[in-house]
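Asks: Numbering-wise (my numbering), the sequence shown opens with residue 1187 and increments by one.
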Amino acid sequence: MNHFTDRKGYNAIAASPTWRFRASTPPGGHPFGAYFTNLAPDTVNLALKLRIPKDKLGYVFVFVDLGDLLPIAGGRGKFIFYLADDYLVIKERQIYHGESAQCPSAE
């Protein structure tokens, strides 16, 4: 599972050994929550598919999915998931964090 963010968000999340993805209210009428995707950093038209600004794609956190995230309503629920609370990822589930362009799935 992946979480994309900008440099400021990256620095805040990476500062702790256990990653905390803070829940918030997104635009577009979607529920309050922390949001994730199963789309890889090298996915064509990624910003368009996720409906997020391109500057939010600069950094990525990749972690093992436990199946505890909910798909959003509609067709994009195939690749966008959320939890209606902060989401914690312990070290043992962490796969990669850093620049999206350097992510192993993007090479």
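The beta carbon of each residue, even a glycine, is placed where N, CA and C say it ideally should be. Values in this document were obtained by computation on a predicted structure and should not be read as measured data.
What does the alpha-carbon distance come out to for the pair I1281 and R1208?
Replies: Approximately 19 Å between the Cα atoms of the pair.
Asks: Pull up the DSSP beta-bridge partners for V1250, would you.
Replies: Paired residues: none, contrary to the question.
Asks: What's the gap between the Cα of L1256 and the Cα of N1231?
Replies: Their Cα atoms are separated by approximately 23 Å.
Asks: My guess is that I1266 and L1236 are in contact by the Cβ rule of under 8 Å, so how many angstroms apart are they, rounded?
Replies: Contact holds; Cβ gap of about 7 Å.
Asks: Does N1197 pass the burial test, meaning 16 or more other C-beta atoms within 10 Å, or should it be called exposed?
Replies: Classification of N1197: exposed, given that the 10 Å Cβ count is below 16.
Asks: For E1293 and L1252, what's the separation of their Cα atoms in angstroms?
Replies: Any reading at E1293 needs caution, since the residue's pLDDT is 43, under 50, leaving its predicted position unreliable; the model's value is listed next. So the two alpha carbons sit approximately 25 Å from each other.
Asks: Ordered along the chain, which non-local residues of its own chain (more than five positions away) have a Cβ less than 6 Å from that of V1275?
Replies: W1205, F1249, listed in sequence order.
Asks: One question on the structure: do A1220 and Y1268 come within less than 8 Å of each other, judged by their Cβ atoms?
Replies: For A1220 and Y1268, yes; Cβs fall inside 8 Å.
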